[in-house]
Amino acid sequence: MQFFVDNFPLLREAFLKTLSLSVLAGLLALVLGTVLAAFRVSPITPLRGLATFYVETFRNTPLTVVFFFIIFGLPQIDFAVGFFTGSVLAVGLYTAAFVCEAVRSGINAVSPGQAEAARAIGLTFGQSLREVVLPQAFRTVVPPLGNVLIAMVKNTSIAAGFAVTELTASLQRLSNANGGDILLVLAAVVAGYMLITLPAAYVVGRVERRVAILR
Amino acid sequence: GCSSDAGNQAEDAADNSAAVETDAEFEAGTTMAELNEAGAITIGTKYDQPGFGLLDPSGTPEGFDVEIGKIIAAKLGIPEDGITFVETVSANREPFIQNGQADIVVATYTINDKRKEVVDFAGPYYEAGQDIMVAAGNPLGIAGPEDLAGKNVCSVEGSTPAENIRTNYPEATLTLFDVYSKCADALTNGQVDAVTTDNVILTGLVAGNPEGFELVGNPFTEEPYGIGLAKGDQEFRDFINDTLEESFEDGSWADAWDATAGAISGTEAPEPPAVDRY
Amino acid sequence: MSAPVLFDLPGPRARARIRVATVIGALLVVAIVAFVLVRLGRNGQLDPQRWSVLFDPNSGVPQALWQALLRTLRVAAVGMVFATIFGLLLAVGRLSDHRVVRVAVTTVIEFFRAIPLLVVIFALYFVLPSFGIRLSTYAALTIGLVLYNMAVLAEIFRAGILSVDRGQSEAAYGIGLRKAQVMRLVLLPQAVRRMLPVLVAQLVVLLKDSSLGFIIGYFELLRQARSLVEFFTPRFGNEYTFQLYVAAGLIYIIVNVLLSQLAKYIERRSRRSPKTAATHAVDLTDLPSATGQTSI
Amino acid sequence: MTDRPTGEPLVRLSGVNKWFGDLHVLQDIDLTIDRGEVVVVIGPSGSGKSTLCRAINRLEAIQDGEITIDGTRLPDEGKELARLRSDVGMVFQSFNLFAHKTVLQNVTLGPTTVRKQPKAEAERRARELLDRVGVGAQADKVPAQLSGGQQQRVAIARALAMDPKVMLFDEPTSALDPEMINEVLEVMTALAHDGMTMVVVTHEMGFARRAANRVVFMDAGRIVESATPETFFTHPTSDRAKDFLSKILNH
Amino acid sequence: MTDRPTGEPLVRLSGVNKWFGDLHVLQDIDLTIDRGEVVVVIGPSGSGKSTLCRAINRLEAIQDGEITIDGTRLPDEGKELARLRSDVGMVFQSFNLFAHKTVLQNVTLGPTTVRKQPKAEAERRARELLDRVGVGAQADKVPAQLSGGQQQRVAIARALAMDPKVMLFDEPTSALDPEMINEVLEVMTALAHDGMTMVVVTHEMGFARRAANRVVFMDAGRIVESATPETFFTHPTSDRAKDFLSKILNH
Ligand SMILES: Nc1ncnc2c1ncn2[C@@H]1O[C@H](COP(=O)(O)OP(=O)(O)OP(=O)(O)O)[C@@H](O)[C@H]1O
Ligand SMILES: Nc1ncnc2c1ncn2[C@@H]1O[C@H](COP(=O)(O)OP(=O)(O)OP(=O)(O)O)[C@@H](O)[C@H]1O
Ligand SMILES: [Mg+2]
Ligand SMILES: [Mg+2]
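Residue numbers (the working numbering), protein chains in the order written: chain D, 57 to 271; chain P, 47 to 324; chain U, 109 to 404; chain Z, 733 to 983; chain H, 733 to 983.
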């Protein structure tokens, strides 16, 4: 118990870092991922190519490497960023590739018949997108998107190696300092992650059930 | 067309090794006898400390710590190919000794009382001190740790220097990576104002980029590097201490320095420290 | 060929607009690339000497990266084999009729899906020794990858098994097969074939995740690149830093793209081969529940 | 049945050709459909019936030939295409009701967004149409809560809400349970008797006999026969048609 | 038609009840099927026909009552259930051929794994059966390469390979294109004439008239009528049956 009392401030700080890193990176990933998905389904070849290239690159690169490029590579083109900002960028840019795929699969999961029926009653492209395709895509996209975002929370742990004192960094620090309590340290950190991932999974489940369309 | 500075230098690299004691004799039952009998020893060292313990591209560890390890092995009558180096990081040096995963640990291992509770130390074989590295020309005029207040200073998560700054100079902003090479990059890029750790490590970093970095040269702690071994093995500890003192005497200690840390930093071997037989 | 889901078939005006946008888009892409190259050049990062280290055998770099790649592949391959085996067992376990088995298996799966792999690896290497279990870095990394990925794969396989049309198992029961036979002869073969693309996607994830070995000092590709950087830094400063990390990144991308291509090739071949045409590998899009399971 | 005096056919296809890759799915199709005419299209699976229907609505682009509706050449894209499409009602085999909207919203979506009708008016009219096809009571349910026959009748109401000049039906009853086929066919028969111009792809020969002015038989992308139901069912001229009828009629 | 002298019916359902949640889908069903008898089950959608069929094979468990096959009570699980199931052939609306196996493997899987027949013998017999249903030439293709009608005939051969005592057909033709319905019905008619005991859920009234010994009409989970095809089609007694027949026959 004493261990928790002693280290509570550090653990709380670390937990809040993980949380804020997750929230900011998640927002970035959602926005960028949606834009990329729009690019990927657009008829404009370079945009499609760009988005495909982006997705393939980020999907096939370890997040740690992405971190390297953001933190130490960007300065090579004269854009130095702070470490927290850099971590948000790294996690956000990386996750955007997966968000893009989730959103795209959501759009593709809308049965073609729905869009055709919309066109057949005379809706224009924009109208059929707004009235028929997107509302349905959003519903299918909730579960995979939720999973991507939960996976992202776990991925923020890599920021520990890049000057962000989040939960995993605190695990490293405390286990160096409290060799004997290492199991407690581990339990505290695991609990910290679960405090984010489990409720998130629950919320995703709820939203999923709420927006589910009867088919 | 495939030549690079790195390749050219590798070609000139020299080779040195301590002479193996072929007829070493030890009292039966001692650790020395066991190791001598087995003809093998496992030495824990760091793989990411320039000048002290680092893997070369072929995967062979090199550095001052490694050479010290070799001197001890040689004294035990163990040839170089009988030595197994394992990587010990800061967090697992004590467990490795306690669990017998390493016979000795030579890993920029600062002797302190807390660690003495679980392991024993031979040595010290080197006296380092925490120092500060800044950008060349020292634009912020940092002369010592007091000047770090309000500055962004880089070190490694979980290390003693970081802990020291955190407790004694709380006004400094700490940026903590997992290795010093990242700190050096961050300093180059202007992402941090200074890097702090043991001077020997900083010397190595400055050597690589003399136009970019400079050492403040004002060590503000004492970091005696010891050799970690199982607690209570007094005979073994005495043996290592003897070996160290012998190497101080016969110049092999200085040779080891010149071939490793000295070669990188271009500094002469210092006075050897006094062994502490506590 | 077939009508696009989202867009109407473009007419002449739409085609003209698309052409204009294509040119603008292409210019934009070229501009971004040019900008990056110019800035890199100005910072001296394009100096051929700095890149030649990657190909100069005298420097030991190509050999070191190659060896590290082999280590990475070894961890990934061994990890994948065991993760697949355990994943299959867990998936079957989670579909068991016995509540106890189901609950136990579900707990294991959910636990490993809830915590970061980095923490799992860390715990295996640094925490287990205090219980007298000592693992090498190789074992700790591999076991970590197996534990984490078996949980993910179990969910993928479960989705795959559930995605096989119910009629298939009913028909199998109908000719008198028993539960284990139905699973082995009818459901699993079809589920695995369907799940192949997702499986390979997960292999890519696993391969990438092997880079997390850095936290315990396993010398996989990324840790090796960092080690080379550390080796060269005292001698040449950061002359090769950028290049070595780029090299590591590119190797990951190349290997993973090759893997994905292999998956596409297998999938195409199996589509052509009538044998599997019917159980064609499902596009991820057909299986939102399965996409949801892959980790990233 | 029409008050317009013009002799111009409502739908005219001339020299229409379409390929899917190498597959020539529509081959030199010439077909005119007059105002108020009900044309039933039959033929074996894969003969191009659906493609023909979809081409008239430009859900598929044709590569060669011309399609005009009420004298206007089918526009290639954009607003004009959308406007023209709203004049052509389409009913699909799989209903394609908007799954996330209620029955009423399904019917009012077109009128309010395309025709900019006020919501209240669109709803009033929608309820009228739903009553007419016999599903007025279901207005506030979502499609998944309806039987197939009910869904298809909603789909017809949805198409009718746009006041189309012509209605296309692509196998409207083949996804339905047998007892529900009739309720849909009855609605269609009533429409035909009210003078709606209709193109109906179907295997329901009873409907063809009862409601069609003309039967068009397709095979392998071509129109092989075109005759009154009387003539077609009693004296098919081509061998393919005879063979097809023998297969489809004797059970 | 049977060489066994016993008077015991082959399939007997007595007092069978089944609920899906609150929905009472089978209500006090009593039904006996004699050796060699062909029983056609008809009724509106949702009346419980499929559930009845599936209950006889215990693909659905019943909550009340008893089902015996050849005098044996339907076991609840395990080896005995599997053995009994192999005596009851089942043909589904959607064919359900094993998609990853060839036609021949589909037919031999049961005999080799359940009956432990040697592979060669199982294949010889399988080819015989495939010839009998007219798809012998397709033995080495996979299901996806076959037309619906061919797939359904393979499914029949697969069921026959187990030498079942009784065959259950659940709407075997309703997923087929109209031109293919007949080829399947012909195979079924031939089976019936060869003396196979059959329970057939179908909307094909032609088949019922031609091949059935008895027609069972279900509505809302109950057996409402049970009569010879003659009697049932000409003089249905219940209103529901009259209504149903009127819906289904007049198109
Ligand atoms: N989007 C498409 N891409 C490629 N081929 C297609 C496409 N749509 C249809 N076809 C092919 O075109 C041919 C005609 O198809 P179509 O759907 O018009 O036939 P149909 O007469 O409506 O058949 P059915 O009675 O089975 O509905 C078929 O061979 C079909 O496989
Ligand atoms: N697995 C199930 N869970 C819940 N309800 C079910 C299930 N299967 C069938 N039902 C319901 O049981 C009732 C009887 O279904 P069944 O499929 O036996 O009817 P059916 O006569 O075969 O109809 P159809 O002609 O449409 O095939 C229906 O109301 C159906 O919705
Ligand atoms: Mg069609
Ligand atoms: Mg049924």
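Glycine included, each C-beta is placed from N, C-alpha and C at the ideal position.
Neighbourhood of residue i by C-beta, 7 Å cutoff - its chain only, sequence neighbours within 5 removed
i               : result
K160 of chain P : none
F95 of chain D  : L103, R104, L106, A107
R179 of chain U : F327, E328
L829 of chain H : N838, P875, Q883, V886, A887
D766 of chain H : P741, L742
Q849 of chain Z : P843
A172 of chain U : Q332, L336
Residues that residue i contacts on chain A, provided the C-beta gap is smaller than 8 Å
i               : result
Q171 of chain U : No chain A is present in this structure, whose protein chains are D, P, U, Z and H.
Inter-residue Cα distance where the pair is residue i and residue j
i               : j               : result
D301 of chain P : I188 of chain P : 34 Å
D975 of chain H : A959 of chain H : 17 Å
L395 of chain U : S271 of chain U : Here L395 of chain U scores only 43 on pLDDT, less than 50, and its place in the model should not be relied on; the value that follows carries that caveat. Spanning the two alpha carbons is a distance of roughly 8 Å.
N211 of chain D : A222 of chain U : 11 Å
A153 of chain P : T134 of chain P : 7 Å
E268 of chain P : S335 of chain U : 28 Å
L148 of chain U : I133 of chain D : 5 Å
A333 of chain U : A279 of chain U : 55 Å
A148 of chain P : R210 of chain U : 43 Å
L66 of chain D  : L230 of chain D : 9 Å
L307 of chain U : T192 of chain U : 9 Å
T234 of chain P : F230 of chain U : 30 Å
Proximity test, residue i beta-carbon vs ligand 3 heavy atom, cut-off 6 Å
i               : result
S782 of chain Z : yes
Test item: CB-CB of residue i and residue j under 7 Å
i               : j               : result
F282 of chain P : L275 of chain P : yes
N730 of chain Z : V820 of chain Z : Examination of residue 730 of chain Z is not possible in this model, given that chain Z is present from 733 through 983 alone.
V144 of chain D : A81 of chain D  : yes
V933 of chain H : V770 of chain H : no
L222 of chain P : I211 of chain P : no
G169 of chain D : T196 of chain D : no
L225 of chain U : L243 of chain U : no
A858 of chain H : L836 of chain H : yes
Check: residue i C-beta below 6 Å from any heavy atom of ligand 2
i               : result
S906 of chain Z : no
S879 of chain Z : no
V757 of chain H : yes
Continuous alpha helix (DSSP H) stretch holding residue i: start and end
i               : result
G842 of chain Z : 835 to 845
M291 of chain U : Neither: M291 of chain U is in no alpha helix (DSSP H) and is coded neither H nor E.
N287 of chain P : 280 to 296
F976 of chain Z : 971 to 981
Residues near residue i in its chain [Cβ-Cβ closer than 6 Å; skip 5 each side]
i               : result
V915 of chain Z : Sequence inspection shows Glu at residue 915 of chain Z; the Val mentioned does not correspond to that position. Contacts found: G881.
F60 of chain D  : none
S78 of chain D  : V209, T212
Residue i - containing beta strand (DSSP E), residue span
i               : result
Q276 of chain U : Not the beta strand (DSSP E): Q276 of chain U falls in the alpha helix (DSSP H), residues 274 to 282.
D244 of chain P : 240 to 244
M899 of chain Z : 898 to 902
F752 of chain H : 743 to 752
8 Å CB neighbourhood of residue i in its chain, flanking five on each side removed
i               : result
T921 of chain H : F939, R942, A943
S779 of chain H : M950, D951, A952, G953
Heavy atom of ligand 1 within 6 Å of residue i beta-carbon
i               : result
M778 of chain Z : Residue identity differs from the one stated: residue 778 of chain Z is Gly in this sequence, not Met. For ligand 1, at least one heavy atom lies less than 6 Å from the Cβ of G778 of chain Z.
F125 of chain D : no
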